[in-house]
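Trainee:
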Amino acid sequence: MQYADLLIEQHGKVAVIRLNRPKAMNALNDNMMNELGDALHKFDADPAVNVIVLTGSEKVFAAGADIAAMANYTYAVDTYPGNYIGRNWEHILNIRKPVIGVVSGYCLGGGCELAMMCDFLIAADSAKFGQPEIKVGVTPGAGGTQRLPRAIGKAKAMDLLLTTRMIDAAEAERTGLVSRVYPAESVMEEALKVAQGIADMPVSVAMQIKDCVNQAYQMPLTEAVRYERRYFHAGFGTPAQKEGMSAFLEKRQPNFEGL
Ligand code: CAA
């Protein structure tokens, strides 16, 4: 897979997608978002891939939507009829396999919004998160005002959104925006270990867990628990359950290859 604005690597069953516009701080433009959608959907459909990692460079995950590209956009043509953001930023929300975001350096505006669309985030100690859109005269447009309060609470979210303050990796971990922090030098190695660990689990169950957790934000609790229970019951008709439980009783490691 060759792209102009992405770099692709594969480590066993883990596919790594790297945002790659170094001269523009990985600012997210149409081409990059089209390519990202293409790569995500290809890996989601590839039986050799169980987990996808989305990352940037050591310096920057992404510094937001491409301000140079959108500065002259108009409401009448480009944003509303053209469905800016909606047209190609949200492919990631339709990916069924786990997507782990790995953030080093700046993760701002649309970059932070894209990161928050990942299933969970692992940060380098160099990471800096913020939503500075107000400073360029707009509201966030890819879910920042919605996913940030859900992730870190209203007070912190309002603070970041209204003041443009950036938070570092430690504060991001403390507030629940990221799940783990590692030194910048080793973050990718550690993240790949995490991804590989998930990739060794049954991919079908990983997909079901992801689906269930996402229902927590859409459904009332009783309905969502019923939704989860259906997957749990159905699990007893799958080879993954037979292998997992037999391996436990036989005191050996399970082998979920192909499950
Ligand atoms: N769009 C386009 N180009 C960008 C960019 C962006 N979001 N962020 C950085 N760049 C470009 C700069 O213009 C600069 O290009 P030139 O070398 O051609 O001048 C290059 O990347 C390097 O940037 P800086 O010189 O500014 O680097 P720095 O180290 O001094 O600062 C930074 C880094 C703090 C990330 C700073 O670049 C910055 O504040 N960027 C903008 C952040 C921002 O406002 N993001 C929100 C965008 S709006 C949005 O995302 C809408 C939405 O919700 C969907």
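Using this note's numbering, the letters of the sequence shown map in sequence onto residues 1 to 259. Note that CB positions come from ideal geometry on N, CA and C, so glycine has one too. Every value quoted in this text rests on a predicted model; they were computed, and no experiment measured them.
Thinking C-beta only, is residue 64 closer than 9 Å to residue 108?
Mentor: Here the question's residue 108 lines up with position 108 in the sequence shown. Here the question's residue 64 lines up with position 64 in the sequence shown. In this structure, residue 64 lies closer than 9 Å to residue 108 by Cβ.
Trainee: Do residue 28 and the ligand CAA come close, with the Cβ less than 8 Å from some heavy atom?
Mentor: Counting from 1 along the sequence shown, the entry for residue 28 is found at position 28. Checking every heavy atom of the ligand CAA against the Cβ of residue 28, one is found closer than 8 Å.
Trainee: Would you check if there are 3 or more beta carbon pairs closer than 8 Å linking the region 45-52 to the region 12-26?
Mentor: Yes, they touch.
Trainee: Could you tell me whether the region 57-71 touches the region 17-32, where touching means 3 or more Cβ pairs closer than 8 Å?
Mentor: The region 57-71 vs the region 17-32: in contact.
Trainee: In this structure, does DSSP put residue 85 in helix, strand or coil?
Mentor: What you label residue 85 is simply residue 85 of the sequence shown in a count that begins at 1. Note: residue 85 maps to coil in three-state DSSP.
Trainee: Using a threshold of 9 Å, state whether the C-beta atoms of residue 161 and residue 177 are closer than that.
Mentor: Translated into positions along the sequence shown, residue 161 becomes position 161. Translated into positions along the sequence shown, residue 177 becomes position 177. Not a contact, by the Cβ cut-off of 9 Å.
Trainee: Please classify residue 43 as buried or exposed, where buried requires at least 16 other C-beta atoms within 10 Å of its C-beta.
Mentor: Position 43 of the sequence shown, counted from the first residue, corresponds to residue 43. By the neighbour-count rule (16 or more Cβ atoms within 10 Å), residue 43 is buried.
Trainee: With H, G and I counted as helix, E and B as strand and the rest as coil, what does DSSP make of residue 62?
Mentor: Residue 62 sits at position 62 when you count from the first residue of the sequence shown. The answer is strand: DSSP assigns residue 62 an E or B state.
Trainee: Measuring CA to CA, which of 119, 114, 110 is closest to residue 133?
Mentor: Mapped onto the sequence shown, residue 133 falls at position 133. Out of 119, 114, 110, 110 has the C-alpha closest to the C-alpha of residue 133.
Trainee: In this structure, does DSSP put residue 133 in helix, strand or coil?
Mentor: Locating residue 133 in the sequence shown gives position 133, counting from the first residue. In this structure, residue 133 counts as helix in the three-state DSSP scheme.
Trainee: Given 8 Å as the limit, tell me if residue 32 has its C-beta closer than that to any heavy atom belonging to the ligand CAA.
Mentor: Counted from its first residue, the sequence shown places residue 32 at position 32. Incorrect: residue 32 has no Cβ contact closer than 8 Å to the ligand CAA.
Trainee: Taking its Cβ as the centre, do 16 or more other Cβ atoms sit within 10 Å of residue 88, making it buried, or is it exposed?
Mentor: Mapped onto the sequence shown, residue 88 falls at position 88. Per the 10 Å Cβ criterion, buried.
Trainee: Quick one: any contact between the region 159-173 and the region 91-101, if contact means 3 or more CB pairs under 8 Å?
Mentor: Taking 8 Å as the limit for Cβ pairs, the verdict is that the region 91-101 does not touch the region 159-173.
Trainee: Examine the ligand CAA and report whether any of its heavy atoms sits within less than 8 Å of the Cβ of residue 17.
Mentor: Mapped onto the sequence shown, residue 17 falls at position 17. Not under cutoff, so the answer is no.
Trainee: Helix, strand or coil for residue 10, going by three-state DSSP, please let me know.
Mentor: Looking up residue 10 in the sequence shown gives position 10. Strand, per DSSP.
Trainee: Work out the CA separation of residue 197 and residue 243 for me, nearest whole Å.
Mentor: Position 243 of the sequence shown, counted from the start, is the residue given in the question as residue 243. Position 197 of the sequence shown, counted from the start, is the residue given in the question as residue 197. If you take the alpha carbons of residue 243 and residue 197, they lie about 17 Å apart.
Trainee: Is the separation between the beta-carbon of residue 92 and that of residue 118 shorter than 9 Å?
Mentor: Mapped onto the sequence shown, residue 92 falls at position 92. Mapped onto the sequence shown, residue 118 falls at position 118. Cβ distance < 9 Å, so residue 92 and residue 118 count as in contact.
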